[in-house]
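Here's the structure we're looking at; comments come further down.
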Amino acid sequence: MFIQNIFNTLAFSPAEWMGLPKNYSAHGDTVGHMIDVVTWFMIALFIGWTVFFLVSLVKFRQKKNPKASYYGVQSHLSTHLEVGVIIVEAVLLLGFAFPLWSERTDSYDRVLTENPVRVRAVGFQFNWNFHYAGEDGKFGFIDRSLVSAKGDPCIAPDDKNGWDDFTADKLRIPVDRPVILQVTSTDVIHNFSIIPMRIQQDAFPGKDIPMWFTPIEEMETSVVCGQLCGSGHANMVTTMTVESQKSFNEFHKSRSDASKADSEKANAASVAKAAE
Ligand SMILES: [Cu+2]
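Each position in the sequence shown, counted from 1, maps to that position plus 8 in this note's numbering.
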């Protein structure tokens, strides 16, 4: 019964109680658990320091100690407590944080073999642009020197792989299938942050950095910029929808086909112009 009570207490999530939204990704519970362990530790430190402060106020009040002592603290209790805190922090880092991080990074090769959806998330002051590879599954060649506008995905127009590529200002992904987002920026450093998926990644100009997760439920959430990036940072929010594979396929095919038709038309026009 006593042990059962302890487990019930541990199942309580202080982070969720303090506002962390529900988890919607396959790996998210492990991250949530880590956040909870750290939060429990912070609660213990907060209570400990508050008790220490109050005891000091009473014990060392001026009325009881009219003359200052020049010898200071004689016991070794504070040293023992500080060593205790260092040990707990070392356990958190070596026992929880490092293994979790290596499990995350090592899963990339596996995710590549699981037919992931790949989308580039291009950050700019102050919004996001999403670049899909189209029905062929291949991104067009990315030539960053072509950047012509904020959030430009920089698809080289003469690469046929990019003809069916398309962009969207809202992110749509299917449920129960791994997603690899390649995060980049066309100006300053941003951060693509999806709290209900327990994941975020900095967006650097000139780099495509992958972040991956598997949504486990259909949902809609806002996606924010997690890095102070200028005066409009607070408004740098867009929407992410996790939908059924069927409705994602319909969206993907119609946008891809339309983009391909436009590219073919534009190419035919430029070929005709060159022949004149
Ligand atoms: Cu930003």
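Ideal Cβ positions, reconstructed from N, Cα and C, are used throughout, including at glycine.
- Check the Cα spacing between residue 189 and each of 125, 38, 121 and 242: the tightest is with 125.
- Judged by their CB atoms, residue 35 and residue 131 are not nearer to each other than the 9 Å cut-off.
- Here residue 133 is near residue 237, since their CB atoms are less than 9 Å apart.
- In the three-state reduction of the DSSP assignment, residue 26 falls in the coil class.
- DSSP places residue 198 within a strand segment (E or B) once states are collapsed to three.
- Using a Cβ-Cβ distance cut-off of 8 Å, the segment 162 to 171 and the segment 217 to 228 are not in contact, since fewer than three pairs of beta carbons, one from each stretch, lie closer than that value.
- Your pair residue 261 and residue 143 checks out as a contact, with CB atoms roughly 6 Å apart and the cut at 8 Å.
- Shown here for residue 230: same chain residues with a beta carbon closer than 8 Å to its own, the five before and five after excluded, namely 245, 246, 247 and 248 in chain order.
- Given a length threshold of 4 residues, each whole run of the alpha helix (DSSP H) inside the segment 80 to 105 is given here in chain order: 85 to 99.
- For ligand 1, a non-hydrogen atom lies closer than 8 Å to the CB of residue 237.
- The shortest CA-to-CA distance from residue 157 to any of 135, 107, 250 and 255 is the one to 135.
- Scanning the segment 110 to 138 for uninterrupted beta strand (DSSP E) segments of 3 residues or longer gives 125 to 132, listed from N- to C-terminal end.
- For residue 73, the distance from the CB to the nearest heavy atom of ligand 1 is not below 8 Å.
- For a cut-off of 8 Å, the C-beta gap from residue 129 to residue 191 is around 5 Å, short enough to register as a contact.
- In this structure, the alpha-carbon of residue 263 lies about 26 Å from that of residue 213.
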